[in-house]
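S.K.: Could you have a look at this structure, given as structure tokens, before my questions?
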Amino acid sequence: MQQRPLGNTGINISPLVYGTLPLGYLQAKLTPEEGGRLIRHALERGVTAVDTATLYETYGHVREGLKGFTGEVTVITKTHAADAATVRAHVERGLTELGRERLDIVHCHAARIEDPFVDRAAAIEELVKLKEEGKIAHVGLSSHYIAAVRKAAQHPEIEVIHPLINRTGMGILDGTAEEMAAAIKLCSEAGKGIYAMKALAGGNLIAEARASFAYVLGLQGCHGIAVGMLSAQEIDANIALFSGAAPEEDVWQELESRKRRLAIMKNFCKGCGLCAAACVNGALAMVDGKPQVDETACVLCGYCGAECPEFIIRVV
Ligand code: SF4
Ligand code: SF4
Numbered sequence: 069m070q071q072r073p074l075g076n077t078g079i080n081i082s083p084l085v086y087g088t089l090p091l092g093y094l095q096a097k098l099t100p101e102e103g104g105r106l107i108r109h110a111l112e113r114g115v116t117a118v119d120t121a122t123l124y125e126t127y128g129h130v131r132e133g134l135k136g137f138t139g140e141v142t143v144i145t146k147t148h149a150a151d152a153a154t155v156r157a158h159v160e161r162g163l164t165e166l167g168r169e170r171l172d173i174v175h176c177h178a179a180r181i182e183d184p185f186v187d188r189a190a191a192i193e194e195l196v197k198l199k200e201e202g203k204i205a206h207v208g209l210s211s212h213y214i215a216a217v218r219k220a221a222q223h224p225e226i227e228v229i230h231p232l233i234n235r236t237g238m239g240i241l242d243g244t245a246e247e248m249a250a251a252i253k254l255c256s257e258a259g260k261g262i263y264a265m266k267a268l269a270g271g272n273l274i275a276e277a278r279a280s281f282a283y284v285l286g287l288q289g290c291h292g293i294a295v296g297m298l299s300a301q302e303i304d305a306n307i308a309l310f311s312g313a314a315p316e317e318d319v320w321q322e323l324e325s326r327k328r329r330l331a332i333m334k335n336f337c338k339g340c341g342l343c344a345a346a347c348v349n350g351a352l353a354m355v356d357g358k359p360q361v362d363e364t365a366c367v368l369c370g371y372c373g374a375e376c377p378e379f380i381i382r383v384v
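Here's what the structure looks like:
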């Protein structure tokens, strides 16, 4: 697959970035061996960037995928910590569990933080220190907010942006897809590397997957898209699509007919409401003491599941 320069970082990545969120406990619950086999399948066919996060619990999957692989791979992770000590602990954990001497990119995982340069200032400062110490190569920011992406353009310490964008704007917390596209352009003009998330709105746009990927890949300044993939067939189809090959109609018809949803085992729910409080998309409400999902607002991110002490929420 053709590689693209990731802004001014000096890194080249494949436009298809392996998003590992769906492999882990929040979604498909694959074992590290199962997930690792899929990641390796993609790496051997030209994917050169893998996206994970402390929160996803997929370091074992990535490590398995990389075991013995000699090609160039950019490993990207994220820390959701707010304080310096926890950021450092997350980075140390990433180095150990991923088996790397240095992490290529670590994002301040500020998906739902309106102004990370205020609310996550200590975290960003610590990431910069860790870069100076050689434990991180580049500092990044992941966000669902247009305002945060726009601000990042003015912050030289942020070299890579991971913004949420899709053709309907679903999941963007403060405006439209067009406004996010303008913020992405601004960042790319400032030399940032940019790869997008939620191009299919967590699966909501799966029926129009090809058109949805084309929209995001066509955005000025967007160098790639993180895509969660759960089968070799899906990986192969995406590699072909992202390489500009003619899509295999029968394969894509099957892929585009899949359905995804948020599953909550309500019988085991204790009614604490933590899941609803965690959803900034306003897609979960407590009704009669149990969470109820609004499917028109849910981007199937699985973050509500991460908050549930009973482990009874999953994207399936
Ligand atoms: S309900 Fe859960 S999966 Fe859906 S958008 Fe909210 S946090 Fe994400
Ligand atoms: S976090 Fe879990 S236990 Fe609490 S209300 Fe939500 S589903 Fe129920």
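For what it's worth, my numbering labels the leading residue of the sequence shown as 69, then goes sequentially. Glycine included, C-beta positions come from ideal geometry on N, C-alpha and C.
1) Can you pull the DSSP bridge partners for S211?
2) Taking contact to mean at least 3 C-beta pairs separated by less than 8 Å, is the stretch 137-152 in contact with the stretch 116-124?
3) To the nearest angstrom, how far is the alpha carbon of Q222 from that of C176?
4) Express the C-alpha separation of L171 and I204 in angstroms, rounding to a whole number.
5) On the DSSP bridge list, what partners appear for T142?
6) Counting only runs that start and end within the stretch 317-361, where is the beta strand (DSSP E) found for 3 or more residues in a row?
7) Compute the Euclidean distance between the alpha carbons of G162 and N234, then round it to the nearest angstrom.
8) Measure how close the beta-carbons of G259 and G75 come, nearest whole angstrom, since I'm counting them as under 8 Å.
9) Comparing C-alpha positions only, which one of A282, G370, I262, E193 sits nearest to P73?
10) Using a Cβ-based criterion (distance less than 7 Å to any ligand heavy atom), does E160 qualify as near ligand 2?
11) Using a Cβ-Cβ cutoff of less than 6 Å, which residues in the same chain neighbour F310 once the five nearest sequence positions on both sides are dropped?
12) Use the C-beta contact count for V116: other C-beta atoms within 10 angstroms, 16 or more gives buried, fewer gives exposed.
13) Would you identify the three-state DSSP class for Y93, choosing helix, strand or coil?
14) Going by C-alpha distance, which of Y213, I332, Q360, A365 is nearest G271?
15) Would you grab the beta carbon distance between A189 and D151 for me? Rounded to a whole angstrom, and I think it's under 8 Å.
16) Are the Cβ atoms of G237 and H212 separated by less than 8 Å?
17) Is the Cβ-Cβ distance between V228 and T88 less than 8 Å?
18) Is the separation between the beta-carbon of G339 and that of G312 shorter than 8 Å?
19) Using 8 Å as the threshold, is the C-beta distance between L268 and A282 below it?
20) To the nearest angstrom, report how far apart M33 and I293 are at their CA atoms.
21) Is there at least one non-hydrogen atom of ligand 2 closer than 7 Å to the beta-carbon of G350?
22) Check this for me: beta carbons of A275 and E324, under 8 Å apart or not?
23) For my contact list, I252 and L195 are in at a C-beta cut-off of 8 Å; report their separation, rounded to the angstrom.
24) In three-state DSSP terms, what is C372?
25) Under the assumption that N306 contacts V319 (Cβ atoms under 8 Å), give the Cβ distance between them as a whole number of angstroms.
26) Name, in chain order, the residues that DSSP records as bridge partners for T147.
27) Starting from the Cα of I79, find the closest Cα among V141, L134, L94 and give me that residue.
28) Who does G296 pair with in a DSSP beta bridge?
29) Residues in its own chain within less than 6 Å of L198 by CB, not counting five upstream and five downstream?
30) I believe L330 touches L368 by the beta-carbon criterion, under 8 Å. Please report the beta-carbon distance rounded to the nearest angstrom.
31) Run through DSSP, which three-state label would H158 get?
M.R.: A quick look at the data gives this:
1) P231
2) yes
3) 16 Å
4) 5 Å
5) A117
6) 330-332, 352-355, 358-361
7) 29 Å
8) 5 Å
9) I262
10) no
11) P83, L84
12) Here residue 116 is Thr; the residue named in the question, Val, does not match the sequence. Buried, because 16 or more other Cβ atoms sit within 10 Å of the Cβ of T116.
13) Coil, per DSSP.
14) A365
15) Going by Cβ atoms, the distance from A189 to D151 rounds to 11 Å, so no, they are not a contact pair.
16) no
17) no
18) no
19) no
20) There is simply no residue 33 to check, as the chain begins at 69 and stops at 384 in what is shown.
21) no
22) yes
23) Not a contact, Cβ separation roughly 21 Å.
24) helix
25) About 10 Å; that fails the 8 Å criterion.
26) Paired residues: C176.
27) V141
28) Answer is G87.
29) Taken in chain order, the residues that qualify are V159, I204.
30) With 8 Å as the limit, L330 and L368 qualify as a contact, their Cβ atoms being about 6 Å apart.
31) helix
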